[in-house]
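For reference, the structure discussed in these notes is given below.
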Amino acid sequence: MTDQVVETGDVRPAGPAAGASEFLGRTRELKELRADIERAGLDTLSGRKAPRARVLLIAGRPGSGRTALAEELVRLVADRYPDGVLRARLTDPDGTPVPVGRAARDLLTALDEQAPAGACEDDLTDALRTALAERRTLLLLDDAADAEQVDALLPDTPDCLVVAVSEGPLTGISDVRPCTLGGLDAKSGVELLTRHTGSVRITVDPRAAEGLAEECQGQPAALMLAGGWLAARPKAAVSDLAKQLRADDSEGTALTRVFRFAHAALTTTAARMLRLLALAPAGLVDPQTASALVGCSVDSARSTLEDFVALGFLHAVDSPLPQYEVPGCLHPQLRILAEHHERPADLQLARARMLERTVRLLQACRAITETDSPQARQKLLDMPRALRFPTPRAAADWLRLTRPALLASARLAVADGELDTLARRLMSQLVRAMAAHIGTRAAAPDLYEIHGMVLDVAERRNLPRERAAALLNLGDLDARTGRTTDALTRYRAALDAGREVNDPYATGRAMESVGGAHQELGDFDRAADWFGRALVERLARGERAEAARLYGRIAAAHTLAGRYGEALRNWRAAIAGHRKNGDVAAQARALGELARVQEYAGRPEESLRTCREAVEWARRAEDPRLQAALHLRVAEALERLGDPASAGLHRGAAEALLGDSNLQNDPDACEIRTASAED
0 MTDQVVETGD VRPAGPAAGA SEFLGRTREL KELRADIERA GLDTLSGRKA PRARVLLIAG
60 RPGSGRTALA EELVRLVADR YPDGVLRARL TDPDGTPVPV GRAARDLLTA LDEQAPAGAC
120 EDDLTDALRT ALAERRTLLL LDDAADAEQV DALLPDTPDC LVVAVSEGPL TGISDVRPCT
180 LGGLDAKSGV ELLTRHTGSV RITVDPRAAE GLAEECQGQP AALMLAGGWL AARPKAAVSD
240 LAKQLRADDS EGTALTRVFR FAHAALTTTA ARMLRLLALA PAGLVDPQTA SALVGCSVDS
300 ARSTLEDFVA LGFLHAVDSP LPQYEVPGCL HPQLRILAEH HERPADLQLA RARMLERTVR
360 LLQACRAITE TDSPQARQKL LDMPRALRFP TPRAAADWLR LTRPALLASA RLAVADGELD
420 TLARRLMSQL VRAMAAHIGT RAAAPDLYEI HGMVLDVAER RNLPRERAAA LLNLGDLDAR
480 TGRTTDALTR YRAALDAGRE VNDPYATGRA MESVGGAHQE LGDFDRAADW FGRALVERLA
540 RGERAEAARL YGRIAAAHTL AGRYGEALRN WRAAIAGHRK NGDVAAQARA LGELARVQEY
600 AGRPEESLRT CREAVEWARR AEDPRLQAAL HLRVAEALER LGDPASAGLH RGAAEALLGD
660 SNLQNDPDAC EIRTASAED
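In our numbering, the protein residues as written are 0 to 678.
Structure below.
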């Protein structure tokens, strides 16, 4: 009955929810809201068709049951909207408004609509309106901070309905009649108490129950806390609690007074855990988070969290994992108590423990995907059992289900405007875990946000080295999502930042990335030039492996420009570099590319000899996939030279290596990853 955290982007089928509703009271408000759906708007009265969706506003203080009323209204009218119900919360539990762009992207994801990664807020809201233009959808926008948030997400079609929940009026949105909530009526308040305490004590002393409901001012959140307190004390009389609340002459709302009373009744350890939940990212908490905050075992934390649910302090999240949420109406109270009872140093330590636990979980989440080597397997086994994931699938599910809390943890880590060691580690491990389980392209929207946070702090704190790193990462995301021009701009800015602090790594990487962007844009001369500048940097620092790889990138750029002589010279330099470095597989790949250029240059016999040499080096590298690809290249060269019998032998050798009779029809299986394509 209290405010509920509504998962952003949640989509539920249209139609009434399964099972009977447990909603209490608010009969008059529901009737008025349903009538308001059919009310003729100002546009209709003036003869114009309504250009946008009708907005119903439910206004009330936190704890008034405003979200519960909105959910009940949605349940009753959802069958009118066959394209489903979308839900988004527009304010974080700590009171921070959710950026409109983030809310729009989550709603688009819920609609299975793909928005460009890195798109600006206007593009995202335009894409959302376009996606909703042909749909008949109901939007529940919970805990709206202001009219601008709601207005930006309004569909441009009268076939949709928006139910907005807010603390006050949304001035600026036309033709909205707010439904303002007070307390529940006496009968509903007593029934809510009965659901928690059982009927015996209420039946024995109905007047005391009515008095308790009055002391709670009919506020559902306060009534639930009072009911939870009574449920935990079967021998306590309803009148005892009513008298104690009546005797409390401290300032504050009914919810504040009942919350303070319930908190005071907790054991010392439980009370401290409850207060520290004010630090939980996005108001979402699990046993691992609670364990780290307090410094207790995970099992003990899970038991205490379940107790908090029974007492009305938390809501259980419908999830395969044990997850809980702090009701939005209680978050300010937790923060006040934490600041009053806990020393700043203790709060800082609890926050650091929580973020450190998150870092270690992310490390384990990524490590479960890297068990090919004995060293990686041993590293995983060395982790505490409580942090390990049994399978890669379990790790991927954890990452998906805890994504909102993980992103909130990243925001919390840089909330004070610093990039300390812990914040850097958290960002790094989050990026790596997402790349390992989701893939860089699929995770691009979240990665843009993460790297954007780092860039924002770096620019505000004038940290050129961190600014260069963030710009390089954002540029890579732009490049991988087809925004090559934007990537080039970021790479150039990263180059300037790297030069500002004389960072050779950032400078060299930025130069190479600028070259790659020019190559993608078809400017092969500039690409070769920038690769050459990066090569000078690598050679000056004695980085022979990177230099050999860059020779290959220069050769590839010259090949694309049709300058085969320059390409051949650079491929030979790359081969010599790989040979000195002892990288046999890279040498084989470079020989295969050299053979390709020789063929382009009109030297088929020379190309065939080089290809055969590449096959031999691939055999020494014990890379059957590379061997197979090179055997196929030899076969193609022999066919062009008029020797189909020998070509057939090489094709057979390729098929034997991979055990795939259709290898020649699988371009991915036959592809040679060249040094020119490596990043």
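Built from N, CA and C at the ideal position, the CB exists for glycine as well.
This one's a predicted model, so the numbers in the text were calculated from it and none came from an experiment.
Going by CA-CA distance only, name the one from the options that's closest to residue i.
i       : options                               : result
Gly-451 : Ser-318, Ser-63 and Leu-473           : Leu-473
Ala-363 : Pro-391, Pro-343 and Asp-158          : Pro-391
Gln-586 : Tyr-563, Tyr-599, Leu-607 and Leu-625 : Leu-625
Val-293 : Glu-341, Pro-168, Leu-421 and Ala-263 : Glu-341
Leu-139 : Leu-211, Arg-65, Thr-266 and Thr-202  : Arg-65
His-262 : Ala-351, Ala-118 and Ala-225          : Ala-225
Ala-67  : Val-297, Arg-33, Leu-55 and Glu-21    : Glu-21
Leu-640 : Ala-652, Gly-658 and Leu-607          : Leu-607
Arg-602 : Leu-75, Ala-264 and Leu-637           : Leu-637
Arg-650 : Ala-253, Gly-658, Glu-592 and His-630 : His-630
Thr-196 : Val-358, Leu-229, Phe-260 and Ile-449 : Leu-229
Gly-182 : Thr-129, Leu-137 and Leu-254          : Leu-254
Asn-461 : Glu-448, Val-500 and Gly-327          : Val-500
Met-353 : Asp-396, Ala-407, Gly-327 and Leu-333 : Ala-407
Ala-212 : Ala-516, Val-189 and Arg-194          : Val-189
Asp-125 : Ala-151, Gln-322, Leu-160 and Gln-374 : Ala-151
Gly-311 : Phe-258, His-339, Asp-345 and Cys-295 : Phe-258
Glu-133 : Val-99, Asp-82, Val-97 and Pro-98     : Asp-82
Ala-264 : Leu-240, Glu-250 and Pro-643          : Leu-240
Asp-121 : Gly-210, Ala-185 and Arg-101          : Arg-101
Leu-110 : Asp-495, Cys-119 and Leu-127          : Leu-127
Arg-200 : Ala-221, Gly-576, Cys-215 and Pro-233 : Pro-233
Report the CB separation of residue i from residue j in whole angstroms; it is logged as a contact under 8 Å.
i       : j       : result
Leu-411 : Val-453 : So it is not a contact: roughly 14 Å between Cβ atoms.
Ala-349 : Leu-446 : The Cβ separation is near 28 Å, so there is no contact.
Tyr-550 : Val-596 : With a Cβ gap of about 13 Å, Tyr-550 and Val-596 do not count as contacting.
Ala-291 : Arg-356 : 4 Å
Leu-276 : Val-325 : 6 Å
Glu-536 : Gly-507 : 4 Å
Pro-719 : Leu-191 : The first residue shown for the chain is 0 and the last is 678, placing residue 719 beyond what the model contains.
Ser-512 : Leu-471 : 7 Å
Leu-386 : Ala-409 : Leu-386 to Ala-409, Cβ: 19 Å. No contact.
Ala-584 : Ala-613 : About 11 Å; that fails the 8 Å criterion.
Val-316 : Arg-424 : Actually they do not touch by this definition, with Cβ atoms about 27 Å apart.
Asp-477 : Gly-117 : 6 Å
Ala-36  : Val-164 : In the sequence under discussion, the amino acid at residue 36 is Ile, which differs from the Ala named in the question. Not confirmed; about 16 Å, so no contact.
Ala-533 : Gly-514 : 7 Å
Leu-106 : Ala-87  : 6 Å
By the DSSP assignment, the alpha helix (DSSP H) with residue i in it spans what residues?
i       : result
Ser-296 : No alpha helix (DSSP H) holds Ser-296; DSSP gives it neither H nor E.
Leu-429 : 420–436
Thr-506 : 503–519
Ser-606 : 603–619
Ser-165 : No alpha helix (DSSP H) contains Ser-165, which is instead part of the beta strand (DSSP E) from 160–165.
Taking 8 Å as the threshold (C-beta atoms), are residue j and residue i in contact?
i       : j       : result
Ala-300 : Pro-280 : no
Arg-274 : Leu-336 : yes
Leu-89  : Arg-104 : no
Ala-457 : Ala-469 : yes
Ser-318 : Leu-400 : yes
Leu-131 : Pro-157 : no
Thr-439 : Arg-479 : yes
Ala-493 : Ala-467 : yes
Leu-75  : Leu-55  : no
Arg-464 : Ala-435 : no
Leu-72  : Thr-136 : no
Asn-580 : Ala-547 : yes
Asp-682 : His-314 : With the chain represented from 0 up to 678, any question about residue 682 goes unanswered, as that position is not in the structure.
Gly-251 : Ala-309 : no
Gln-148 : Pro-96  : yes
Leu-567 : Ala-600 : yes
Give the range of the beta strand (DSSP E) segment to which residue i is assigned.
i       : result
Val-84  : 84–88
Leu-139 : 137–143
Thr-368 : Careful: Thr-368 lies outside any beta strand (DSSP E) and carries neither H nor E.
Ser-198 : Not the beta strand (DSSP E): Ser-198 falls in the alpha helix (DSSP H), residues 198–203.
Leu-380 : From DSSP, Leu-380 is part of no beta strand (DSSP E) but of the alpha helix (DSSP H) over 373–380.
Pro-177 : 177–179
Arg-53  : 53–58
**OP:** Say whether the stretch 550–567 touches the stretch 516–531, bearing in mind that this needs 3 or more beta-carbon pairs closer than 8 Å, one atom from each stretch.
**Re:** yes
Subject >> the stretch 167–183 contacting the stretch 24–31, beta-carbon criterion three pairs below 8 Å >> reply: yes
Original post:
With a cut-off of 8 Å, do at least 3 Cβ pairs link the stretch 204–218 to the stretch 166–173?
Top reply: no
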